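Residue numbers (the working numbering), protein chains in the order written: chain X, 37 to 783; chain W, 2 to 359; chain C, 115 to 299.
What follows is a single structure, written as structure tokens, with notes after it.
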Amino acid sequence: MSPAIGAALDRVDGRAKVTGAARYSGEISLPNLSHAVLVGARIPSGRIIGIDCREAMVADGVLAVLTHLDLDRVAATPKLFPSLAGLTAHGQSFFPMQDDVVHYAGQPVAIVLADTLERAEHAATLVQVTYAETPSVTLLDAGRDRAYEPEKIFGGLVPGRNPTRGDPEAALRDAELNLDLTYRFAVNHQNPLEPSTTTAAWDDNDRLTVYDSTQGPTATQLSVAELLGLPPINVRVVSHYVGGSFGAKALIWPHVTLAALAARRIGRPVRLALSRDQMFHSCGHREEQEQRIRIGAGRDGRLTALTHDKISLTSHFDDWAETSLESAAIAYASPTYAGGYRLVRGNIITPTFTRGPGEATGMFALESAMDELAYLTGIDPLELRLRNHADNDPDTGKPWSSKGLKECYQRGAELFGWSDRDPEPGTRRDGQWLIGTGMATAAYPVAAPISPQRARARMYGDGSAVVEAGISEFGTGALTAMTQVAADGLGLPVHRVRFVGGTTDLPNIAAAVGSAGSGATSSAVHLACVQLRDQLIRHAVADQGSPLHGADPDTVVVRDGRMCRRDSPEVGETYHELLDRNHMPDVEALGTWMPVLPMGSDHAMHTFGAQFAEVAVDADLGRIRVRRLVGVFAPGRVLNRKTAHSQLMGGMLWGLGQALLEATRMDPHTGRYANENLADYLVPVNADAPDVTIETIEVPDSVVNPLGVKGVGEIGIVGTSAAIANAVHHATGRRIRELPITLEHLL
Amino acid sequence: MRPVSYSRVADVATAIGTVAADPGSAFLAGGTTEVDLQRIHVSRSRRLVDINDLPLRQIEELPGGGVRIGALARMSDVAQALPIRRRFPMISQALLLGASPQLRNMASIGGNLMQRVRCGYFRDVVAPCNKREPRTGCSALHGVNRGHAVLGTSEHCIATHPSDVGVAFMALDAVVLTQGPGGQRQIAIDDFYLVPGDRPDREHPLAHGELVVAIEVPPTPMASTSLYLKVRDRESYEFALASAAVAISLHDGTIDDVRLALGGIATKPWRARRAESVLTGAPATPETFTSAAEAELADAIGHGMNDFKIELARRTVVRALRMVTGDPQLHDGMAEGLLSEDGSGPADGSGPADGSGS
Amino acid sequence: MKSYVEAASAVQTADTAVVRGPNSVVVRLSVNGTVRNMLIEPRVSLLDALRDRLDLTGAKKGCNQGACGACTVWVDKRRVLACLTLAITCETREVTTIEGLSDGVDLHPMQQAFVTQDAFQCGYCTPGQIMSAVAFLAEGHAADDAQIREWMSGNICRCAAYPNIRAAIRQVRDDAATENPDAAG
């Protein structure tokens, strides 16, 4: 039996998804279901001085209109905390509709409940809110003079300054070559295709069931329970299918608890589906930011100094910045380094995770600057990166748990055809198209939850097994990959294993964020299955009726559901035979994995890859088309080649969107985004997506987790935008230090 | 969406009579504009009169080389109709570069003529907008106006007209046939689209209850090699940043006759008459094309974020003219594909220019 | 061209049409070959009628304004957007959704190809992609990848499975050509 792990198994949930049978959180039929629609503040800052609900109250079908005047108070003030911790995971330290203050446009100020969606939507427009508006800051530039250095960012988990190495200022002064470059980034929104949706239903015993589109059912459970002042046992969360997230559903935002509060008030189940425009101000975003990179280097291209400073816009209640400095700090062997964050408070919702959080912007800045250094020194961009390769973590000196970056460079260059590149910019034409190529390094920290991760395996008497963990399936392929992990752990073919996730009834797994999901879940699943297998083997060798009686358990292996002696495979029996003979209907085991924390490890843990892009730029019209993308990554163990490649491909095409299309544009006069829809917030369509070549380099990693899984969710986007921008420079000779790069930059 | 009642009618007279008699009613054809705007309360009809059963779907060749397109013919059907593809490829291309296949299956050609602007402030019912609520002000003037117009604007409105096919119709001097309480009318396309001036709420000269029944495109022999060029950020499913519909007649390298209209940059589909007059009688050279583009954009006004559109429009004009005159230096390195069977390929900037001129 | 040509005389204007709504009325829809009656207001979209009234949740709501394609269904065999279609306008038409594409036992070849080619991740756009793709092949523009890219651009996939979606469409197109060479091309 060949191992299931790594095989290109079709998605186990594929049939449900292609037939429309898969039910997402807004598709749960409940008797007496009512519909909630949020009314958002239309000003970014000020106070509510009046709410007139009379017209809405008497509209057909309306069940209730709730405002800050009558909504129940929440039992706790939420505290922003990244869901990796496995604890409460509020998206921001502010809960709306508790008083009359407006902190950001779109902040919920009323909830309208009606018997049908159409009636709720219409009545929501009849709520008349009057405001006393106060001055607001909604753009970085408007508050730049009030920027401050936060002590901690990221929910208090990350210091506001990175550890400094050496004396970068002195090294910059002494350097043969200096670069001082500033990069600007538009606001990005995750825009999963399924808008966040919560269906909340209470029973007679003050127990709540929440069907939620979430990256972590437990995160929803604990966060909602805390705000409602209930023990977690009173909150059950179900989340079988989630229509994409990309960070929008990683933390738990107010609408989830608002749905529960509304349902309790009217005594009916409530479905609250955010509209597309509400998705732009209800669950965070990638913040508006600017990053400054200074490089000192020798003429040989070797870095002697690197500084990396970021300034970004955050909310009034949280010191949030996506951690843009982590990978850039260790990507190259610069002997000196300094980096830190500055924040500007603005009238916006707290920013949050967006795919490739932090590093998708941080590595754009670094990798764009490295390309400039390559041109300054006349060294091939790939060679420049090899010269600066960090053999160990330049910060701590620790060895990498695994790396594989040089292999990625080499294989990527081969696949792309990098070696015969003419470095001269602006010289290749294909008709009116200017052709250019560029590359960049991809890097992303290996994150792990900071709480124990659990899974349960149950073998039935017939030798089939169900394996459970409380994850949600939001497109990562987790259900499929975990089926494979379980099959190998138990020694069963995949069709004899069913992996189940999607509710808080199951063993606890932290929300799958930061590419940590597959590592965390596979570890728990693997340990549960191995434990169950060993338990059954021990049972067999102790059973006088078993052909394996008396054997050393360490010499027994399982293949295709049959335990046998490694040295004489003909001696053995199936799980079924053992269980049947002993009248055992089932056997269970719980697997618990305690993650290794980076600071506690002797190794540095990071994922690496190499990105290559070819673009065509219309010489007259400035239009940019990506002709091809090649990405080679070393994400440790690949659990399913097919789904992993799909995720990496999706990440790279996200990078294309980040590079060329995606920008949410704030109007400082209204304090609202001016393009809160999918016709004006441009994401790539099929015609934008070139064919993408992807390979993975399997580097063994015995440190990160039991199976050596580093994750593929984020690394695909990191570096893509820099490779594209570098290719635009190669095509046109123009350096664009702003994302997205649009045609007006090139006219 | 506000409560709305519904009537379905089977003949033109009933349709007109019903809508004309009820000020709160509106025609409902493909619904791609009306349902959308009703939902966001920009359109506030209390009653929708479904006209999809009216017999207005024919696409007929007219003697002499013109065509008549029934107002309820779907964009997709018009784009594929042989008379259109043979005689007026710019119409077919403009349609196929617009919206998405699903929307084109729904949207009628009459509805396309009546579509509203895509200005974000027009669609945001709490923002000041002179078009939606006269005399409330124009939020776009100092707001996010990257997509807004640089020609035909006023201090009251700078919203860009979104139609692609309207640009082709404008180049071809199409005529809009209407029927209404006041009888039948023929309206020249240039008069059908109004610039905002001080009445941005008024986008066309139709009376309430007046129905577009057909559009006629007069014979234009040189249009058989015409093209539509659309420039945008995304490669598909996006409104134009700039576009051009062009047909040209050459004789010994001199331009005998030319039709040129621009989209994505003006408050209505924009007939480039100044450019046409520079081009007519001049040699078909890049220099001529540039002069024509400069003449047309001479009065263009940017409002900050959209300043680039002035230059982009110039370059779009030059590119379209080079394409339609078969400039051999233009060659498309990227395969494109809208209509491959007959080679009347798309013109997203570069397609193998199927316009050898004359 | 002289504008504003006045032609025939004024017509009689009389409001003679039957008015339904704005309160709920019985709307009769033929969906996937079955006639279904429901009591809905005229403002109810085909999408909400399918999802909330008929419990056919395969068609998805991604934007509710015609900008994403997740709600793609067929009306009289043509791919359209259910979010911009009022249910009441479909009474004399045949509506087909993903639930009606196959019998629930054997997958439609396009459904199978989407699984084989991994043409989706989260699955939310998938029913719309498949309804669009099947209609697209019937429309006959799928000669090459450039055409597939353009004609499938009305369906946004935020997971960006686009290259795999193209592979699935090629697979179905080429399998059909192999099985029935005369009908190909």
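From the three backbone atoms N, C-alpha and C, an ideal C-beta is built for every residue, glycine too.
Here the structure is a predicted model, which means the values were calculated and not measured.
Look at the Cβ atom of residue i, then the Cβ atom of residue j, and state whether they are nearer than 9 angstroms.
i, j, result
"G627/X", "Q683/X", "no"
"T199/C", "M245/C", "no"
"T268/W", "S140/W", "no"
"I329/X", "L441/X", "no"
"E264/C", "A652/X", "no"
"E650/X", "I777/X", "no"
"A211/X", "S119/X", "no"
"L57/W", "G67/W", "no"
"L361/X", "E185/X", "no"
"E774/X", "Y219/X", "yes"
"Q567/X", "L675/X", "no"
"A58/X", "D46/X", "no"
Between the options, which lies nearest to residue i when the distance is taken from Cα to Cα?
i, options, result
"H149/W", "R233/W, K310/W and Q330/W", "K310/W"
"S637/X", "E185/X, T463/X and D429/X", "D429/X"
"E262/X", "G332/X, D240/X, V306/X and V110/X", "V110/X"
"A314/W", "L114/W, A276/W and V126/W", "A276/W"
"M223/W", "I256/W, F28/W, L212/W and N307/W", "I256/W"
"P156/C", "N278/C, L195/C, Q235/C and T203/C", "T203/C"
"V662/X", "E780/X, M475/X and H639/X", "M475/X"
"L418/X", "D590/X, V549/X, F130/X and T477/X", "T477/X"
Does any residue of chain W have a CB that is nearer than 9 angstroms to the CB of residue i?
i, result
"R193/C", "yes"
"G176/C", "no"
"I212/C", "no"
"F234/C", "no"
"D288/C", "no"
"V651/X", "no"
"V721/X", "yes"
Comparing the C-beta of residue i with each C-beta of chain X, is any distance below 9 angstroms?
i, result
"E208/C", "no"
"E295/W", "no"
"I202/C", "no"
"E134/W", "no"
"A252/C", "no"
"S6/W", "no"
"G237/C", "yes"
"M152/C", "no"
Between residue i and the rest of its own chain, which residues show a CB-CB distance below 7 angstroms, the 5 nearest in sequence each way excluded?
i, result
"H304/W", "L142, N146, H149 and I159"
"G210/W", "I17, V20, A21, G181 and P182"
"P268/X", "Q257, L258 and A261"
Counting contacts by CB-CB distance shorter than 9 angstroms, is residue i in contact with chain C?
i, result
"P231/X", "yes"
"G334/W", "At G334/W, the pLDDT of 38 sits below 50, so the modelled position is not reliable; the number obtained from the coordinates is stated separately. Chain C contact via Cβ: absent."
"H681/X", "yes"
"A22/W", "yes"
"G138/W", "no"
"G338/W", "With a pLDDT of only 41 at G338/W, under 50, the local geometry of the prediction cannot be trusted, and no value is derived from it."
"I41/W", "yes"
With a threshold of 8 angstroms on Cβ separation, who are the neighbours of residue i within its own chain once the five nearest residues in sequence on each side are excluded?
i, result
"H681/X", "I730 and T732"
"T700/X", "A222, V223, N224, H225, F316, H321, Y709, N711, E712 and Y717"
"L73/W", "A30, I52, N53, L55, L57, R58, S109, I110 and G111"
Sorted by chain position, which residues of the same chain lie with C-beta nearer than 6 angstroms to residue i's C-beta, five sequence neighbours on each side aside?
i, result
"L195/C", "G180 and C185"
Just list the alpha helix (DSSP H) runs in the stretch 203-269 of chain C, keeping only unbroken ones of 4 residues or longer that don't cross its boundaries, in chain order. Within the stretch 203-269 of chain C, the alpha helix (DSSP H) runs of at least 4 residues that lie entirely inside it are, in chain order, 223-230, 240-253 and 259-265.
Curious, which full-length beta strand (DSSP E) runs of at least 3 residues does the stretch 489-572 of chain X contain? The stretch 489-572 of chain X contains these whole beta strand (DSSP E) runs: 489-496, 501-504 and 533-536.
Which whole runs of the beta strand (DSSP E) in the stretch 292-317 of chain X are 3 residues long or more, in chain order? Counting only runs of at least 3 residues, the stretch 292-317 of chain X fully encloses the following beta strand (DSSP E) elements, listed from N- to C-terminal order: 306-309.
Which runs of the alpha helix (DSSP H) fall wholly inside the stretch 54-107 of chain X and span at least 4 residues, in chain order? Correct list: 90-94.
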